[in-house]
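Asks: Sharing a structure here in structure tokens format.
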Amino acid sequence: MDCAGRSIGGWPTKSGGLAFNSRMQKLLLLGRGQIGSALAQSLTDFEVHVWPNDIDDLSREAIETIGPDAIINAAGRTDLAWCEANANETVRSNLEAPVRLYERILAHNRDRADTIRFIHFSSGCVWDGPYNDRGEPFGPYDPPTPACLYSWTKAAADSMLLSIDATQVAVLRPRQVYSSSPMARNTLVKLTKYPRLIGTPNSMTSITTIEKMVQHTLLSEEWTGIWNVYDQGVVTPFEVGQMLAQAGLRDEPQQLTKAELDQFHRPKRVDAVLYDARFEAAIAPPEIRAELARIIGSMR
Ligand SMILES: NC(=O)c1ccc[n+]([C@@H]2O[C@H](COP(=O)([O-])OP(=O)(O)OC[C@H]3O[C@@H](n4cnc5c(N)ncnc54)[C@H](OP(=O)(O)O)[C@@H]3O)[C@@H](O)[C@H]2O)c1
Numbered sequence: 018m019d020c021a022g023r024s025i026g027g028w029p030t031k032s033g034g035l036a037f038n039s040r041m042q043k044l045l046l047l048g049r050g051q052i053g054s055a056l057a058q059s060l061t062d063f064e065v066h067v068w069p070n071d072i073d074d075l076s077r078e079a080i081e082t083i084g085p086d087a088i089i090n091a092a093g094r095t096d097l098a099w100c101e102a103n104a105n106e107t108v109r110s111n112l113e114a115p116v117r118l119y120e121r122i123l124a125h126n127r128d129r130a131d132t133i134r135f136i137h138f139s140s141g142c143v144w145d146g147p148y149n150d151r152g153e154p155f156g157p158y159d160p161p162t163p164a165c166l167y168s169w170t171k172a173a174a175d176s177m178l179l180s181i182d183a184t185q186v187a188v189l190r191p192r193q194v195y196s197s198s199p200m201a202r203n204t205l206v207k208l209t210k211y212p213r214l215i216g217t218p219n220s221m222t223s224i225t226t227i228e229k230m231v232q233h234t235l236l237s238e239e240w241t242g243i244w245n246v247y248d249q250g251v252v253t254p255f256e257v258g259q260m261l262a263q264a265g266l267r268d269e270p271q272q273l274t275k276a277e278l279d280q281f282h283r284p285k286r287v288d289a290v291l292y293d294a295r296f297e298a299a300i301a302p303p304e305i306r307a308e309l310a311r312i313i314g315s316m317r
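Here our numbering = 1-based position in the sequence shown + 17.
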């Protein structure tokens, strides 16, 4: 319990004990899109402050005034075609502004007794797979192989954050995020719209899994570095389209080959299958088909 009597809980560790940070109470959340709005609703054990302005406007003074124990960056430019057409703004929002914010957090941590954790959302789209050179799922420290400007900015931000100081930051890499939300950014909503879908293997990440991972980074003592964040197992967009059709949420999809898609899709769509033993031990993510069935069932 915290001093206000609210349960702040803990997260079971591999050894079975509870490694948790009992002082963690106040969060500052950036980004009010798919992930940010879900986190603002679900992190009810904390006092959550949502930053309504630009990342670059979050000054050191504003940070001191709010006094967060952790800053979560779920802000960024995420429309891949828009990013290609607006390169300067994409580089500023996805790379420069998060790095500048982290430098302000590190300056705070050097000067004050209380340290602020930085939880930064990256993406599984930093890889162009579906598998790495060895034919295996991408591990968190496999070298990125970005295929478009958006992915370059995400990979570059991760690299800079970790090279400035790897001890105060967690980099989370989800892939094809989905939930029961009607938001256009929801991968399931996107997969109701395309008549033809590809059959390439991919990882997907439910919002519930993201919420568990964020809780882990807030409460555990073993929280820094890169984390791949995904539901267990592999699924194809075509299979998900079939599940949506069976639920009456779309017509039966038709098959499209990746080669056909690559001829007209700009920028190139990437496929990526993720793996991370540390993440699986910490979170025990749900099996992807069972989780999809549960979420699609609630959309019906
Ligand atoms: N959703 C996915 O499938 C997925 C997968 C992997 C990784 N991610 C990563 O997760 C993070 C959040 O994704 P999301 O799906 O929630 O994206 P989203 O729905 O597009 O939301 C992004 C939010 O960031 C805001 N934003 C953009 N630039 C900003 C800036 N300079 N200062 C302050 N706010 C800014 C946007 O505001 P406006 O709407 O006003 O532009 C929007 O509220 C992103 O870093 C993304 O790369 C997402």
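Yeah, the Cβ is synthetic: ideal placement off N, Cα and C, and Gly gets one too.
Considering just the uninterrupted stretch of the beta strand (DSSP E) at residue 68, what are its terminal residues?
Replies: The residue given as residue 68 occupies position 51 in the sequence shown. Element bounds for residue 68: 64-68.
Asks: Taking 7 Å as the cut-off, is the C-beta of residue 50 nearer than that to any heavy atom in ligand 1?
Replies: Here residue 50 refers to the residue found at position 33 of the sequence shown. Yes.
Asks: Sort 291, 224 and 313 by Cα distance to residue 54 and report the nearest one.
Replies: For the purposes of this step, residue 54 is taken as residue 37 along the sequence shown, with counting starting at 1. Looking only at 291, 224 and 313, the smallest Cα-Cα distance to residue 54 is reached by 224.
Asks: Counting C-beta neighbours from all protein chains within 10 Å, is the total for residue 152 16 or more, i.e. buried, or is it exposed?
Replies: Taking the first residue of the sequence shown as position 1, residue 152 is located at position 135. Of the other Cβ atoms in all chains shown, fewer than 16 fall within 10 Å of the Cβ of residue 152; this residue is therefore exposed.
Asks: Return yes when at least one heavy atom of ligand 1 lies under 7 Å from the C-beta of residue 197, else no.
Replies: Numbered from its first residue, the sequence shown carries residue 197 at position 180. Residue 197 Cβ: outside cutoff for every heavy atom of ligand 1.
Asks: Only counting runs of 3 or more residues, tell me where the beta strand (DSSP E) segments fall wholly within the segment 107-158, in order along the chain.
Replies: 134-138
Asks: Does the segment 196-214 touch the segment 154-165, meaning 3 or more C-beta pairs lie closer than 8 Å?
Replies: no
Asks: Tell me which same chain residues have a C-beta within less than 7 Å of the C-beta of residue 286, skipping the five on either side of it?
Replies: Start at 1 with the first residue of the sequence shown, and residue 286 comes out as number 269. Around residue 286: 278.
Asks: Within 10 Å of its beta-carbon, does residue 181 have 16 or more other beta-carbons around it, so buried, or fewer, so exposed?
Replies: Taking the sequence shown and counting its residues from 1, the one referred to as residue 181 is at position 164. By the neighbour-count rule (16 or more Cβ atoms within 10 Å), residue 181 is not buried but exposed.
Asks: Could you compute how far the alpha carbon of residue 228 sits from the alpha carbon of residue 61?
Replies: Residue 228 sits at position 211 when you count from the first residue of the sequence shown. Residue 61 sits at position 44 when you count from the first residue of the sequence shown. In a straight line, the C-alpha of residue 228 is about 11 Å away from that of residue 61.
Asks: Please confirm whether residue 88 and residue 138 have their CB atoms less than 8 Å apart.
Replies: Start at 1 with the first residue of the sequence shown, and residue 88 comes out as number 71. Start at 1 with the first residue of the sequence shown, and residue 138 comes out as number 121. Not closer than 8 Å, so no.
Asks: Would you say residue 83 touches ligand 1, meaning its beta carbon is less than 7 Å from a heavy atom?
Replies: Walking along the sequence shown from the start, residue 83 turns up at place 66. Residue 83: no, Cβ never under 7 Å from ligand 1.
Asks: Between which two residues does the beta strand (DSSP E) containing residue 272 stretch?
Replies: By 1-based counting over the sequence shown, the position of residue 272 is 255. First-last of the beta strand (DSSP E) with residue 272: 271-273.
Asks: To the nearest angstrom, how far is the alpha carbon of residue 290 from that of residue 252?
Replies: By one-based count along the sequence shown, residue 290 stands at place 273. By one-based count along the sequence shown, residue 252 stands at place 235. Answer to the nearest angstrom: the Cα atoms are 9 Å apart.
Asks: With DSSP collapsed to three states, give me the class of residue 210.
Replies: Residue 210 sits at position 193 when you count from the first residue of the sequence shown. Coil, per DSSP.
Asks: Compute the minimum distance between the beta carbon of residue 191 and the heavy atoms of ligand 1, and state whether it is under 7 Å.
Replies: To locate residue 191, count along the sequence shown from 1; it is residue 174. Residue 191 has its Cβ nearer than 7 Å to a heavy atom of ligand 1.
Asks: So, for residue 213: in the same chain, excluding its five sequence neighbours on each side, which residues have a beta-carbon less than 6 Å away from its beta-carbon?
Replies: Position 196 of the sequence shown, counted from the first residue, corresponds to residue 213. Within the same chain, residue 213 has close Cβ partners 271 and 273.
Asks: Should residue 79 be counted as a contact of ligand 1 given a C-beta to heavy atom distance under 7 Å?
Replies: Within the sequence shown, numbered from 1, the residue matching residue 79 stands at position 62. No - ligand 1 has no heavy atom lying nearer than 7 Å to the Cβ of residue 79.
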